[in-house]
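This report refers to the structure that appears directly beneath it.
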Amino acid sequence: MTFIFVGNIIYDFFMGRELNPRIGHFDLKYFCELRPGLIGWVVINLAMLLTEMKVHRQSMPSLSMILVNTFQLLYVVDALWNEEAILTTMDITHDGFGFMLAFGDLVWVPFLYSLQAFYLVNHPHEVSWPTACAILTLNFLGYYIFRGANSQKNAFRRNPKDPKLARKCFLGKFVFYLHF
Numbered sequence: 001m002t003f004i005f006v007g008n009i010i011y012d013f014f015m016g017r018e019l020n021p022r023i024g025h026f027d028l029k030y031f032c033e034l035r036p037g038l039i040g041w042v043v044i045n046l047a048m049l050l051t052e053m054k055v056h057r058q059s060m061p062s063l064s065m066i067l068v069n070t071f072q073l074l075y076v077v078d079a080l081w082n083e084e085a086i087l088t089t090m091d092i093t094h095d096g097f098g099f100m101l102a103f104g105d106l107v108w109v110p111f112l113y114s115l116q117a118f119y120l121v122n123h124p125h126e127v128s129w130p131t132a133c134a135i136l137t138l139n140f141l142g143y144y145i146f147r148g149a150n151s152q153k154n155a156f157r158r159n160p161k162d163p164k165l166a167r168k169c170f171l172g173k174f175v176f177y178l179h180f
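So the sequence shown is numbered by this note's numbering: it starts at 1 and just counts up by one.
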């Protein structure tokens, strides 16, 4: 076990003293980093979708609620599908598992990230189909860039000498890939 001691009891509690606390072989930090918060986020969003239908006596959710749920579900599925990439992030490799990380993973993510769906329950916003198509296009373009950049970042962290990453430009601490 690796412990990080600063000596300030408040800081040590907030930031965490143990790098990867385990119960047997079960890594608490790795588990809490993604699964409970992201799955909770999807469950809360689904509850908001159903609540919107009930409150407004609709047989179908609004297009804006469908878009919010779809885009956020895509993000969660992507994170869970590419879960191995979390192993190279600062949260896992350097940060202790303290109150800040635990609270963020288990409370902040599911309850704060679902506020968009919560807002739409009581403030419905009609979206036209042409607007929805423009939003879809913009979101999928953003997702393409997001996934490409994160895949490259993960590949670089795993093997900085990979020949596929040879066209890179270093600027201080930042790595820019010229082919993306």
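Virtual Cβ for every residue (Gly too), placed ideally from N, Cα, C.
Problem - Cβ neighbour criterion (16 or more within 10 Å) applied to F180 - result: The predicted model places F180 with a pLDDT of 45, which falls under 50 and marks its position as unreliable, so this point remains unresolved.
Handout entry: Which residues DSSP lists as bridging R57, in chain order
Key = In DSSP, R57 forms no bridge with anything.
Exercise for the section: Mark A164 as exposed unless 16 or more other C-beta atoms lie within 10 angstroms of its C-beta, in which case mark it buried. Expected result: The displayed chain sequence assigns Lys, not Ala, to residue 164. Its Cβ having fewer than 16 others within 10 Å, K164 is exposed.
Practice task
Look at the alpha carbon of H125 and the alpha carbon of S64, and state the distance between them as a whole number of angstroms.
Solution key: 6 Å
Exercise for the section: Please classify R17: does DSSP put it in a helix, a strand, or coil? Expected result: coil
Handout entry: For A132 and W81, the rounded distance between their alpha carbons
Key = 26 Å
Practice task
Would you tell me roughly how many angstroms separate the C-alpha atoms of M53 and D12, rounded to the nearest one?
Solution key: 45 Å
Exercise for the section: Determine which residues share a DSSP beta bridge with F26 and list them. Expected result: I23
Problem - L178 to T88 span [Cα, whole Å] - result: Legend: pLDDT at L178 = 49, less than 50; position of this residue unreliable, no value from coordinates given.
Handout entry: Beta-carbon proximity check, P130 vs L38, cutoff 9 Å
Key = no
Handout entry: Meets three-Cβ-pair contact criterion under 8 Å: the segment 153-160 and the segment 83-102
Key = yes
Exercise for the section: Return helix, strand or coil for F97, following the three-state DSSP convention. Expected result: coil
Exercise for the section: Go ahead and pull the three-state DSSP assignment for E126. Expected result: coil
Exercise for the section: My understanding is that G96 touches E18, with C-beta atoms under 8 Å, so please give their C-beta distance in whole angstroms. Expected result: 6 Å
Practice task
Note down, in chain order, each residue of its chain lying with its Cβ closer than 7 Å to the Cβ of A102, except the 5 sequence neighbours on either side.
Solution key: C32
Problem - For G7, the three-state DSSP class (helix, strand or coil) - result: coil
Handout entry: Counted within 10 angstroms of its Cβ, other Cβ atoms place S59 as buried (16 or more) or exposed
Key = exposed
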